[in-house]
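In full-length UniProt numbering, the protein residues as written are 1 to 1002. All C-beta atoms in this analysis are idealised placements derived from N, C-alpha and C, irrespective of residue type, glycine included. Since we're looking at a predicted model, the values are computed, not measured. Structure, as structure tokens:
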Amino acid sequence: MTDNIRSEDNLSHVLVKVQDDLKRLRRDVDRITAQRNGETLDLQALNAAISRTEDTIRKRAEEYLKIVNRQMLMLPPIEDVEKKTVKIPKWKPSTEALLEIHPEKHQKVLISPGEKHKAAFTMRLLYNPTHPLNRDLMHQRYGIELPEPPKRAGTNVSSPCVISLMDKAFPSSTAYLRLTPVQSKAAYLHQREDIIVNKTGVLKPDKRQKEVSWGKSVEQVHGRTPALGASKASNDKTLLIQGTSQLTPVTPETALVPYTGKYSFIIKDGRIDPAAEDYCCFKQHYCLCWDGLVEVLRQIQRLLRDFAVPLAWVCGERLVSLVQSGQFGWTGFGSRARYGSVELLLSVLENREEVWKLLRQPGRRYKGEGGVEAAAIRIQACWRRYYTRAAYLAQRRRKWAAGTIAISWLLHTQLCRVRKSLQVSRYRHLENFRRRTEHLAANWKHISSSRRTIIHIPSLGYPQHQRFGLSGFDILQNTQMGRLCEVRDENVEVIYVCPVQLTEDVLQYYKRLLVMAEDANASTPQVSCAERFTVLTPEARAYFPLHNMCLSTLLKYSPRTLQRIRLQITGKQAYIVSGVAHIDDLAIADELGVPVLGPEPGIAQLYSTKSRARRIFASAGVDVPPGQWDICMKEQLYDSLAQLMADHMEVKRWLFKMDSEMRGWGMAYVDVSNLSCHSWAQQEFIRHEQEHWRNSWVQVRIWQSFLDEVPYLLFHHAKLLRTSRYRTWDCFMQDFLKQGGVIEAYPPSDSVTGLAVDLLVEPDGEVKMLSCSDQLYGPRELETIGCSMPQTSVCPETLYSICIRVGQACRQRRILGYLSLDLVTFLDPNTLEQQVWVVDLDLGYSNQLAMTQLMLMMTGGTLDCRSSRLEVPIQRAAVRSRYAVIGSRLLHSNISMMYHSVFFQICKARCIAFDIKERLGTVFALHDSKERYSLGMITISEDLQEALLTFARNLSFIHQEISSPNMQGKTNFKDVIKAIEGVLSVIKQNETIAEKEEEKIA
């Protein structure tokens, strides 16, 4: 390998010499001036040739240098060291021929294990100046001829220099002997992979060794560099010193533990004694690399002085290894800027465990050099940090508070603006509503007799908490599809806003139904009934599918549907017929520019409560059940109930109705017979005459007894009509007292008949009866599941008089449009006279009225409510009377499993149909296309008993066809059938009693 290097050096010398010769030749040529035949020679061609030669040689030289730089150099074998005996007469060698080859950073050299071992052995010889082969290797590798080493004389242990050294640095022999006996220890052998030889022959520590941080243990500090040696031996020595220090008292002599390693020295109180022999030996041995060691020693001394470390042993070999490894740096932040990495500095100490413990003591820094200044700086820094932090936190709190206040104020002002804008818009809507209502009242006669468009919006504008508690709210709003049948009037066009999306089969069903009825009536209108109605669904329904919004709100946020309605009513007389009034009805009317046939939403909300309805009945002068209204406190409830029970001993059941009660929700009842003192009170009531009962002092005693037992009676014996919303009496009582309510008496009779009457209070003040029917009660007795029409329970004139008086009382309170009355009739047990009580008032278009419109459309007849006659024209006969049974909401979950076409095929197979010519049979009202579990049904017959039988028979047939023993489904068919059976039994008993009376008379 050495020969190759020398041959390459000769070649480089040749190339350099050729380049120098060419430069010299160019200078000589420039000075030559040659002439031929009196003409000057042109030397430009020669110069060009020389330039080309120089460029060629330069390129070849660059290529040669690149090739040489990419070659790998190999160390000479150890066996050849002794053969190289070239002597150099001068101390300064000529190093021009040596090539400076810098190895690439990321280039990997593949060296065999044997060559690694040889290179490591050679480097150990070079690092050991006392080795006999060191001088030869330096001369062979670097051309440096070292002087002959001086011969060492034999040393005597008892020499004065050694004795003086021991006196200065080491403890006495007696103290040393008291420490511990000499023990043999196993030597630690490094693995071959722990040391890697680089290209330049310098030993590098293994990359797997990790840095030591401030928080790491002393054992991790031991493994910082390979030069630390066997950590196990060091730990054993430390444990031995710690164990004996507990037995031996600490003295100045025993405080200094000697170290037998080479080139170690002592740093006492952070300073090195330059005259110490061990330090001088270390400095003399490493004089060649002393410049790099000085800065590290300065850093170590400063660290030890700063932390007041009294004594530290420095291992020279570790110190040199640290400097040569290049791992030590002098950059830092804060306190570390004064000295380099503390972990690296501690790694060169032999007693690093003791020093590390001192450094970790709290406040140790302030005992060392400059400790007072450091403590003052630390105190000032901590105070400034605390003061600045406190000021920052206060500023941040103030900033957060200011931001919160600003945002709250902005939201408040925005909310106020929105509220003010809403108030202005709602007030404008209300003023426009009143103005259009006045115009409607002034022109009602003309409008009701001319062509007009009715916009039906079957909206249920209940409060939000009530709407959210209703399941299937959209289908519940669509139970009035019978409004379409108002097109039986040739002057009427209907725009029906549907809350559900109807499929084509449902629309075709109603179209065919209207066409059949029109054909059967033998009428020839200018426009067919199927062309005079339109069904529209608001597009906002898709955006709010689960919010249970009323139909008016959905239509308000459906601009496309409003635009279609506006186009259809342009140039026509139109008005809106809503359901339960809502504030959004005014916005829709203002958007379309049409009046509303109904009361103002505020008035409707006020008089739709049970307490206000009783005030209307009282002002109308009609009979109402005994009771008390506007009850809002528990004590008032107990006192009123006890007083009512004492005043009306004949009443057996008392009802509790919330002011916002609807469809049976919010109603409860209690039976007086559950009182323990009831039998005694009845005896006292019988003993005293009824005329003198209220003035008797016995009533006071009975009232006090009732008052004592009322809380217990209500808590244990009160029953809720529907438990789907209120599970217990406490829950019911909480809402009852919050909303207010009434206490009413249940009719004191075993046979009670309910009636329902629909009225129309026209804008000009006229009151019309539109329908009257007898109600069919379900198994809960107070829940209505159907009706029969016309009513046959009360004298028609009496019923008409009651309804007209109530209608006039509503007109005085500006209640217009459609409203429904609930009445009950029974025989007074004392006088055996028929009593009629008005029990409830509902404002809005009812389901019964919608089914009545469907019945009148199919039969082509008229309902005379004043005489309670349903008159149907027949072609072969003038007029025949009919009876109808109506079920506005029949439920069965199994119907949803089949399409409407299949359902009608089943009905056709069971002969459930309607005879157009005879005007007899069954008619269905479909409510939706998706769920299909709800529908309405009307049966029309010549007498009431046959109509009831047909209705019950139809329900029984349908239930048998769509159900199985294992899947009965959720239905109210059975309840309706039981109710009809009860009515039929009552009719049969009445017929039997009438026959017996006729026989007696005969």
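Legend entry - H900 - containing alpha helix (DSSP H), residue span: H900 to A909
Legend entry - Limits of the unbroken beta strand (DSSP E) element including L823: G817 to L827
Inset, instruction - Kindly indicate which residue of L890, C911 and L297 has the alpha-carbon position closest to the one of K970. - result: L890
Legend entry - Inter-stretch contact (C-beta, 8 Å, three-pair minimum) for the segment 965-984 and the segment 778-795: yes
Inset, instruction - Evaluate the contact criterion for the segment 804-822 versus the segment 756-770: three or more CB pairs, one atom per stretch, below 8 Å. - result: yes
Inset, instruction - From the DSSP output, read off the bridge partner residues of F914. - result: G921
Inset, instruction - Output yes or no for whether 9 Å exceeds the beta carbon distance between G270 and R318. - result: no
Inset, instruction - In the DSSP assignment, find the alpha helix (DSSP H) that holds K657 and state where it starts and stops. - result: No alpha helix (DSSP H) holds K657; the beta strand (DSSP E) holding it covers R653 to M662.
Inset, instruction - Helix, strand or coil for M789, going by three-state DSSP, please let me know. - result: strand
Inset, instruction - Could you pull out every residue in the same chain whose Cβ sits closer than 6 Å to the Cβ of E783, ignoring the five residues on either side in sequence? - result: G664
Inset, instruction - Name the one or two DSSP bridge partners that H456 has. - result: Y496 and V577
Inset, instruction - Spatial neighbours of R869 within its chain, please: CB distance less than 7 Å, with the 5 preceding and 5 following residues excluded, ordered by chain position. - result: P790 and S881
Inset, instruction - With a 10 Å radius around its C-beta and 16 neighbouring C-beta atoms as the bar for buried, classify S676 as buried or exposed. - result: exposed
Inset, instruction - Give a yes or no on whether the C-beta atoms belonging to I958 and C907 are separated by under 9 Å. - result: yes
Legend entry - Same chain, Cβ closer than 7 Å to G371, five either side skipped, listed in chain order: R365
Inset, instruction - Please name the residue in C865, T798, W680 and T753 whose C-alpha comes closest to that of L770. - result: C865
Inset, instruction - Count the other CB atoms, across all protein chains shown, that sit within 10 Å of the CB of G894; report buried if there are 16 or more and exposed otherwise. - result: In the sequence under discussion, the amino acid at residue 894 is Asn, which differs from the Gly named in the question. It is buried - the Cβ of N894 has at least 16 other Cβ atoms within 10 Å.
Legend entry - Residue nearest to G602 in terms of C-alpha spacing, selected from M658, F433 and T404: F433
Inset, instruction - Return the first residue and the last residue of the beta strand (DSSP E) that L870 is part of. - result: R869 to P873
Inset, instruction - Please name the residue in V492, R58 and G472 whose C-alpha comes closest to that of D928. - result: G472
Inset, instruction - Whole angstroms is fine: what's the gap from W703's alpha carbon to Q643's? - result: 6 Å
Inset, instruction - Please classify H892: does DSSP put it in a helix, a strand, or coil? - result: strand
Inset, instruction - Drop a sphere of 10 angstroms on the beta-carbon of A952, count the other beta-carbons inside from all chains shown, and report buried for 16 or more, exposed for fewer. - result: buried
Inset, instruction - With F265 as the anchor, note down where its beta strand (DSSP E) starts and where it stops. - result: S264 to K268
Legend entry - Nearest neighbour of D519, chosen from T859, Q834, L411 and R26 [CA to CA]: T859
Legend entry - Exposure label - Q464; buried when at least 16 CB within 10 Å: exposed
Inset, instruction - Please classify T784: does DSSP put it in a helix, a strand, or coil? - result: strand
Legend entry - Complete alpha helix (DSSP H) runs within the segment 700-757 (minimum length 4 residues, chain order): 729-739
Inset, instruction - To the nearest angstrom, report how far apart P538 and L555 are at their CA atoms. - result: 5 Å
Legend entry - Alpha-carbon spacing of R426 relative to V580, whole angstroms: 18 Å
Legend entry - Spatial distance of M123 from P129 (CA atoms): 11 Å
Inset, instruction - Spatial neighbours of P711 within its chain, please: CB distance less than 7 Å, with the 5 preceding and 5 following residues excluded, ordered by chain position. - result: Y638
Legend entry - Proximity winner among S901, S941 and V418, relative to E918 (alpha-carbon distances): S941
Inset, instruction - Have a look at the DSSP bridge pairing and note the partners of A668. - result: F656 and L720
Legend entry - Proximity winner among T950, T503 and Q636, relative to I886 (alpha-carbon distances): T950
Inset, instruction - Name the one or two DSSP bridge partners that V836 has. - result: T825
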